[in-house]
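First the structure, in the form of structure tokens, and then the observations on it.
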Amino acid sequence: MKVYLHTEAREISPTARSSFVDGEGCFSFRTLILPKKAVVTFTFRTAQFICEGTDSSRKRSEAMVYMMTRKYFDAGGIRLSYLDNEQRGCPVLLCLHGLFGNARAYCSLADALQNDWHVYSLDQRGHGWSDHAAPGHYQREDYLCDIIAFIESIIRESPVVILGHSLGGINAYQVAARRKDLVRALIIEDAGAVEQDDASFARDIVDCTPTLQELGKSLEEFGITDPAYFLESAVERDEGWAFRFDKDSIPESQQNLNDDWWEDFLGSSCPALLLHGGKSWVVTAEHIREMAEKRPNTTFRIFPDAGHTVQLDEPSGYTSAVIEFLNRIS
């Protein structure tokens, strides 16, 4: 049976689901979807799942539970959501997900940094629990103004370290180029200085399916062989399973992302770490090396067996590389 990663489901427990909806916290299970008869018990750090097997046997498994607090702020008339590990007094790390992603992508990293870093993870406009903007309001400056407003009005400590994946990585170095006073260092995951991609297929993604598995299969029809990254943004509604991201805005965001951004990438000189998946279809290892060669204070790390989402494909190595870099700049 094919299973998918997921973090919000009525099958898990009404209590867990209400904590998502009501904003009390964020659990990231990183485990398989459970049948409706599954029983869940929570301890501080571990969720224990007891599932009824087809042979009437009871199977037990465990997964780590990471806790962050969900909050909201107003960015020029659009309500944006973010997660906060509330480690006040520690240096700040701001995490920015990629297209189709959401803030929960960084729960496990925040857990690993729990005692040393105050981690914020932002649901960028049109993603996660943040509002969907009107068409035409997914320009480069829209994203960057959101991030700058977040740093100035919510974090209110600068400079900060910004970690970004893909869209989030480009956003990170463009913020650094425009506001050097706000950015202490950069961690850029699988984002190049030149972007050229096509996300027009997003408009054709189904609006809703009866089950999560069917939602995953609908992605496979577009050639997405591992839907786990996309399904992290799945949500169960009364009519069935759908995505939280604004699928109609994704092509607009990607189109506005497509350009030569060398000037922005080279527009700051703070320490930077580039993380790259050797099997990525978005950017090549040669391009990553060129980026590191051209920009001062820039190093890179290549994960040969990872794809575009290094944090999913090589979570241990990814976390170690991030921690090593953060220790070096501290």
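With positions in the sequence shown counted from 1, the corresponding number in my numbering is that position plus 899. Beta carbons: idealized from backbone N, C-alpha and C, even for Gly. Predicted, not measured: the structure shown is a model, and the values here were computed from it.
Close-in-space but distant-in-sequence residues of the same chain around residue i (CB under 6 Å, 5 per side omitted)
i       : result
Arg1194 : Leu1165
Ala1048 : Ala974
Cys994  : Tyr1005, Ser1020 and Leu1062
Phe1199 : Leu1173, Ile1187 and Ala1191
Phe1224 : Leu1172
Asn1155 : Gln1038 and Arg1039
Lys1079 : Ser1167
Val1093 : Asp1159
Phe999  : Phe1129 and Phe1144
Asp1029 : Note that residue 1029 is Ser in the sequence shown here, rather than Asp. Once the five neighbours on either side are set aside, the close Cβ partners of Ser1029 are Leu979, Ser980 and Asp1022.
Asn984  : Met967, Ala1009 and Val1018
Gly1091 : Val1182 and His1186
Own chain, CB closer than 7 Å to residue i, minus 5 neighbours either side, in chain order
i       : result
Ser956  : In this prediction, Ser956 has a pLDDT of 40, which is less than 50 and means its spatial position is unreliable; nothing more can be read from the coordinates.
Val1209 : Glu1088, Asp1089, Leu1174, Gly1176, Phe1202 and Tyr1217
Asn1001 : Asp1022, His1026, Gly1027, Glu1131, Ser1132 and Arg1143
Gly997  : His1064, Ser1065, Leu1066 and Gly1067
Asp1147 : Arg1102
Asp1163 : Tyr1072, Gln1073 and Ala1076
Asp1045 : Ala974, Leu979, Gln1023 and Arg1024
Pro1170 : Ala1084, Asn1196 and Ile1228
His1031 : Gly1025, Asp1145 and Ser1148
Ser1179 : Asp1089, Gly1206 and His1207
Residues bridged to residue i (per DSSP)
i       : result
Phe1121 : In the DSSP output, where bridge partners are listed per residue, Phe1121 has none listed.
Lys970  : Tyr981
Leu998  : None, per the DSSP bridge assignment.
Glu1094 : Asp1158
Ala1048 : Its beta-bridge partners do not exist; DSSP assigns none.
Leu1111 : Bridge partners of Leu1111: none, in fact.
Val1134 : Ala1141
Leu993  : Tyr1019 and Ile1061
Check whether residue i and residue j have beta carbons under 8 Å apart
i       : j       : result
Leu1021 : Tyr1072 : no
Pro1109 : Gly1139 : yes
Val1181 : Asp1096 : yes
Ile1086 : Val991  : no
His1017 : Arg987  : yes
Arg1083 : Val1060 : yes
Ala1098 : Leu1211 : no
Asn1014 : Tyr1042 : no
Ile1050 : Leu1081 : yes
Ser1007 : Pro1150 : no
Ser1052 : Phe972  : yes
Met967  : Ala1009 : yes
Limits of the beta strand (DSSP E) - the one that residue i falls within
i       : result
Gly1176 : Ala1171 to Gly1176
Arg1083 : Val1082 to Glu1088
Gly1063 : Val1059 to His1064
Ile1201 : Thr1197 to Phe1202
Residue i - containing alpha helix (DSSP H), residue span
i       : result
Cys1006 : Cys1006 to Ala1011
Tyr1019 : Per DSSP, Tyr1019 belongs to no alpha helix (DSSP H); it is in the beta strand (DSSP E), His1017 to Leu1021.
Val1221 : Pro1214 to Ile1228
Ala1205 : It is not in any alpha helix (DSSP H) - Ala1205 carries neither H nor E in the DSSP assignment.
Phe1129 : Ala1127 to Leu1130
Cut-off 8 Å between Cβ atoms - residues of its own chain near residue i, not counting five sequence neighbours on either side
i       : result
Ala1184 : His1175, Gly1177 and Ile1201
Ser1117 : Ile1104, Val1105 and Thr1108
Ile1054 : Val991, Leu993 and Tyr1019
Phe1100 : Phe1121
Ile1123 : Phe1129
Quiz item: Unbroken alpha helix (DSSP H) runs of length 4 or more, entirely within the region 1137-1189: which are they?
Solution: 1149-1156 and 1161-1164
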